[in-house]
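Number of protein chains: 2
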Amino acid sequence: MNTKRVITIGGSLLMFSLSCALWLSRAQGIGSRVVRMAELEIDPAQLEAYKSALKEEIETSIRIEPGVLILYAVSLKENPAHIRILETYADIAAYKAHIEAPHFKRYKNLTQNMVKSLKLVETDPIVLGAKSK
Amino acid sequence: MNTKRVITIGGSLLMFSLSCALWLSRAQGIGSRVVRMAELEIDPAQLEAYKSALKEEIETSIRIEPGVLILYAVSLKENPAHIRILETYADIAAYKAHIEAPHFKRYKNLTQNMVKSLKLVETDPIVLGAKSK
């Protein structure tokens, strides 16, 4: 391996490492973060269609929206039609941008007749602990 | 910068990048993951002491237990004595190790008279979306 190639690889690794470090610092801190819990009840007959729409919406939001940091969606084992989503946005502006995004509006439109109830529970983060190495 | 130094830096960055990549793959996937929601009600008179003990327990668990991936603790804005913790463990063995760990036992002992109720809600992950770059 020659010097130039080593420098190129070193540079790429540096960029990747900095990206990682940036994300870790954003994912770990609390600051102006908006952390919310959504509690939904879904029509059981449409549960699979709902989960599919939700999955697509979450994957798109995480991929293309810089301020959407975490969207963890789970269903309750005792009642799978009950869904909870832990949402973390960088700040209130990121949240406002999210609900105006075309993929979010598409998800809302697609699922409007699947969702029997939706409750947004506002929270204050105490500690957001996640593995960083 | 000479070749040897570049190789050393490249090596360090490679190790860090691999650690990041390993963590990202662990944090993103679902697989055998245990994802649970703990719902607690705390004695309001002891809320600050409880949050302090919880913070220490979470920070220690994330730092020293390889299988404890996420512990997100929030309090409800409408009722700050109501706490929710989203917990993600690598697998059931990691969870069992966690509840046997000295720092977890210390937390349980310290907080036993602060916790008015505790409900563990078992969940199935649908999608665990988190920023990875």
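In order, the protein sequences belong to chains E and Z.
Residue 0 is where the first sequence starts when you use numbering that gives the first Met the number 0, and the numbers rise one by one after that.
Residue 0 is where the second sequence starts when you use numbering that gives the first Met the number 0, and the numbers rise one by one after that.
Built from N, CA and C at the ideal position, the CB exists for glycine as well.
Check whether the Cβ atoms of residue i and residue j lie closer than 8 Å to each other.
| i | j | result |
| --- | --- | --- |
| K76 of chain Z | E58 of chain E | no |
| I63 of chain E | A72 of chain E | no |
| L53 of chain Z | I61 of chain Z | no |
| K118 of chain Z | E38 of chain Z | yes |
| P43 of chain Z | A80 of chain Z | yes |
| K130 of chain E | L68 of chain Z | yes |
Figure out for me which residue from the options has the closest Cα to the Cα of residue i.
| i | options | result |
| --- | --- | --- |
| K95 of chain E | E:K54, E:I61, E:G66 | E:G66 |
| L109 of chain E | E:Y49, E:A93, E:H97, E:L39 | E:Y49 |
| K115 of chain Z | Z:V34, Z:I41, Z:R35, Z:S31 | Z:I41 |
| N112 of chain Z | Z:S51, Z:V34, Z:K130, Z:Q45 | Z:Q45 |
| M36 of chain Z | Z:G128, Z:A129, Z:P124 | Z:P124 |
| V34 of chain Z | E:K107, E:S74, E:H97 | E:S74 |
Within 8 Å of any Cβ in chain Z, is that where the Cβ of residue i sits?
| i | result |
| --- | --- |
| A26 of chain E | Caution applies to A26 of chain E, whose pLDDT of 46 falls short of 50 and renders its modelled position unreliable; the value that the coordinates give is listed next. Yes, because at least one Cβ of chain Z sits closer than 8 Å to the Cβ of A26 of chain E. |
| L109 of chain E | no |
| V33 of chain E | no |
| I156 of chain E | This structure does not reach residue 156 of chain E, given that chain E is present from 0 up to 132, and the question cannot be answered. |
| L68 of chain E | yes |
With 8 Å as the threshold, decide whether the Cβ of residue i is near any Cβ in chain E.
| i | result |
| --- | --- |
| R105 of chain Z | no |
| Y71 of chain Z | yes |
| C95 of chain Z | Cys is not the amino acid found at residue 95 of chain Z; the sequence shown has Lys there. No, no contact with chain E. |
| I98 of chain Z | no |
| I63 of chain Z | no |
| W22 of chain Z | Low confidence applies here, because W22 of chain Z scores a pLDDT of 46, under 50, leaving its location unreliable; read the following figure in that light. Yes, because at least one Cβ of chain E sits closer than 8 Å to the Cβ of W22 of chain Z. |
| K130 of chain Z | yes |
Can you determine whether any heavy atom of the ligand NAD sits closer than 7 Å to the C-beta of residue i, and answer yes or no?
| i | result |
| --- | --- |
| K76 of chain E | Ligands displayed in this structure: none; no statement on the ligand NAD is therefore possible. |
Give the residues from the stretch 112–128 of chain E that approach chain Z closer than 7 Å (Cβ to any Cβ), ordered along the chain. V120, E121, T122, D123, P124, I125, V126, L127, G128
Taking contact to mean 3 or more Cβ pairs, one atom from each stretch, closer than 8 Å, check whether the stretch 80–90 of chain Z and the stretch 98–109 of chain E are in contact. no
Between the stretch 40–57 of chain Z and chain B, which residues of the former have a C-beta closer than 8 Å to a C-beta of the latter? Of the chains in the structure shown, none is chain B; the protein chains are E and Z.
Please name the residues in the stretch 76–87 of chain E whose beta-carbon is closer than 9 Å to at least one beta-carbon of chain Z, in chain order. K76, E77, P79, I82, R83, I84, L85, T87
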